[in-house]
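Student:
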Amino acid sequence: MSTALKILVPVKRVIDYAVKPRVNSARTAIETQGVKHSMNPFDELSIEAAVRMRERGSPKVEDILALSAGPAKCVDVLRTAMAMGADRSIHVELPDSSAAGELEPLGVAKLLAKVVEKEDRNLVILGKQSIDDDSNQTGQMLAGLLGWGQATQASKIEFEEGGDKVSVTREVDGGVETLRSPLPMVITTDLRLNEPRYASLPNIMKAKKKKLEKKSLEDFGLEAGNRLKTVKVEEPPARKGGGKVEDVDGMISKLKELGAI
Amino acid sequence: MTNPALRQQVINIYKELLNLGKEYPLGYQYFQTRLHNAFASQAGLQDEEKIKKAIERAEYVKKEVEALYYLKRYRALRQRYR
Chain A
1 MSTALKILVP VKRVIDYAVK PRVNSARTAI ETQGVKHSMN PFDELSIEAA
51 VRMRERGSPK VEDILALSAG PAKCVDVLRT AMAMGADRSI HVELPDSSAA
101 GELEPLGVAK LLAKVVEKED RNLVILGKQS IDDDSNQTGQ MLAGLLGWGQ
151 ATQASKIEFE EGGDKVSVTR EVDGGVETLR SPLPMVITTD LRLNEPRYAS
201 LPNIMKAKKK KLEKKSLEDF GLEAGNRLKT VKVEEPPARK GGGKVEDVDG
251 MISKLKELGA I
Chain B
262 MTNPALRQQV INIYKELLNL GKEYPLGYQY FQTRLHNAFA SQAGLQDEEK
312 IKKAIERAEY VKKEVEALYY LKRYRALRQR YR
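Protein chains in written order, with the working numbering: chain A, 1 to 261; chain B, 262 to 343.
1) By how many angstroms is the C-alpha of residue 164 (chain A) removed from the C-alpha of residue 99 (chain A)?
2) Is residue 140 (chain A) near residue 185 (chain A), with beta carbons less than 8 angstroms apart?
3) Just the Cα atoms here: how many angstroms apart are residue 213 (chain A) and residue 104 (chain A)?
4) Can you find a C-beta in chain A that's less than 8 angstroms from the C-beta of residue 304 (chain B)?
5) How about residue 110 (chain A) and residue 146 (chain A): are their beta carbons less than 8 angstroms apart?
6) When the Cα atoms are used, what is the spatial distance from residue 236 (chain B) to residue 148 (chain A)?
7) Any contact of the region 48–57 of chain A with the region 24–31 of chain A, i.e. 3+ C-beta pairs under 8 angstroms?
8) Have a look at A:48, A:16, A:234 and flag the residue whose alpha-carbon is nearest the alpha-carbon of residue 190 (chain A).
9) Would you tell me roughly how many angstroms separate the C-alpha atoms of residue 339 (chain B) and residue 68 (chain A), rounded to the nearest one?
10) List the DSSP bridge partners of residue 153 (chain A).
11) Where residue 66 (chain A) and residue 307 (chain B) are concerned, what is the direct C-alpha to C-alpha distance, given to the nearest angstrom?
12) What separation, rounded to the nearest whole angstrom, lies between the Cα atoms of residue 259 (chain A) and residue 137 (chain A)?
13) Could you name the residues of chain B that residue 201 (chain A) contacts, counting a contact when the two beta carbons are closer than 7 angstroms?
14) Could you tell me the distance, in whole angstroms, from the CA atom of residue 1 (chain A) to the CA atom of residue 126 (chain A)?
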């Protein structure tokens, strides 16, 4: 009989994808005050993947744990995660992000490794990257720290007969690649994995009754602290308008002028 | 409306649609007025079959709006991360 899945889905609260980010006046970070935040879209995919595993029923999913590390407002994304189908969640509270800076991927990976150990998980599904700092590192680092197999950018996840091996399809240049690994493993999700459901009103209400634990980094024996320092954040240069040319000769002379031919 | 069960269903779907409208691209106000008008225009329905049909239509609209949100986000992300 296959082992029951105990899934960990870490989620991140990021600036909403539809908001145009602005650099703050000190040019050290993106302005986050008074900006709409929501769950990282790639994390929604991973929650959906976990919930669909349960709905498929084989192998059995014992429990889906959502986790978020960040300021107090991260509770909102955890509630969304639970409304989408996670069973319970842990909020690792960090001081307000503006002061201490948020955790780096390595910090997050260390934290997740501790959580996996403490909560006895055998599958971690992460979004491949967050849409705010686009590091695309946490899943890989976590797999390294745990010594587990990893399948990044999954576009399809299937359990083999019996359920102890997982086949993951990834979209690579010019085709698809299929990986097979026994549990436990780390999977990161790509955009085409599934279509995340919308958290319906009744489910949002039900999610309020689900268990949400508050923890701190110290509870896991970790300290906040970053190795990297953001030196400067700048907006990309504004796009310059194009020019019109009269005819072919005009275009050729223009191209020569620019040194293109 | 006579049947209390149906009445509850109508109220529920109205609330769900309102909740969905909070993220509507053209603004909540736009969505809310249109939603209100759409429901108000059907308020006089007495025939249970017709009410059920109208609820079905509301469910359909709900699915469409959800699909709209999904597609909007999917396209935005695809454009960014292709």
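Ideal placement from N, C-alpha and C gives every residue a C-beta, glycine not left out.
Tutor: With the given structure in hand:
1) Start at 1 with the first residue of the first sequence, and residue 99 (chain A) comes out as number 99. Start at 1 with the first residue of the first sequence, and residue 164 (chain A) comes out as number 164. Note that residue 99 (chain A) scores 49 on pLDDT, short of 50, meaning its location in the model is unreliable and no value can be drawn from it.
2) Working through the first sequence from its first residue, we reach residue 140 (chain A) at position 140. Working through the first sequence from its first residue, we reach residue 185 (chain A) at position 185. Against a cut-off of 8 angstroms, the Cβ pair of residue 185 (chain A) and residue 140 (chain A) comes out as no contact.
3) To locate residue 213 (chain A), count along the first sequence from 1; it is residue 213. To locate residue 104 (chain A), count along the first sequence from 1; it is residue 104. About 22 angstroms.
4) Here the question's residue 304 (chain B) lines up with position 43 in the second sequence. No - not a single Cβ of chain A is within 8 angstroms of the one on residue 304 (chain B).
5) Here the question's residue 110 (chain A) lines up with position 110 in the first sequence. Here the question's residue 146 (chain A) lines up with position 146 in the first sequence. The answer is no: Cβ separation not under 8 angstroms.
6) The question about residue 236 (chain B) has no answer here: the residues shown for chain B are numbered 262 through 343.
7) no
8) Here the question's residue 190 (chain A) lines up with position 190 in the first sequence. Considering only alpha carbons, the answer is A:48.
9) Sequence index remark: in the second sequence, residue 339 (chain B) carries index 78 (1-based). Sequence index remark: in the first sequence, residue 68 (chain A) carries index 68 (1-based). Answer to the nearest angstrom: the Cα atoms are 25 angstroms apart.
10) Taking the first sequence and counting its residues from 1, one reaches residue 153 (chain A) at position 153. Partner(s): none; residue 153 (chain A) has no beta bridge.
11) To locate residue 66 (chain A), count along the first sequence from 1; it is residue 66. To locate residue 307 (chain B), count along the second sequence from 1; it is residue 46. One C-alpha to the other measures close to 46 angstroms.
12) For the purposes of this step, residue 259 (chain A) is identified with residue 259 of the first sequence, where counting begins at 1. For the purposes of this step, residue 137 (chain A) is identified with residue 137 of the first sequence, where counting begins at 1. Spanning the two alpha carbons is a distance of roughly 40 angstroms.
13) Taking the first residue of the first sequence as position 1, residue 201 (chain A) is located at position 201. Within 7 angstroms Cβ-Cβ: 276, 277, 280.
14) Position 1 of the first sequence, counted from the first residue, corresponds to residue 1 (chain A). Position 126 of the first sequence, counted from the first residue, corresponds to residue 126 (chain A). For residue 1 (chain A), the pLDDT reaches just 46, beneath the cut-off of 50, and the residue's location in the model is therefore unreliable, although a value from the coordinates is still provided. Straight-line Cα distance between these residues: approximately 26 angstroms.
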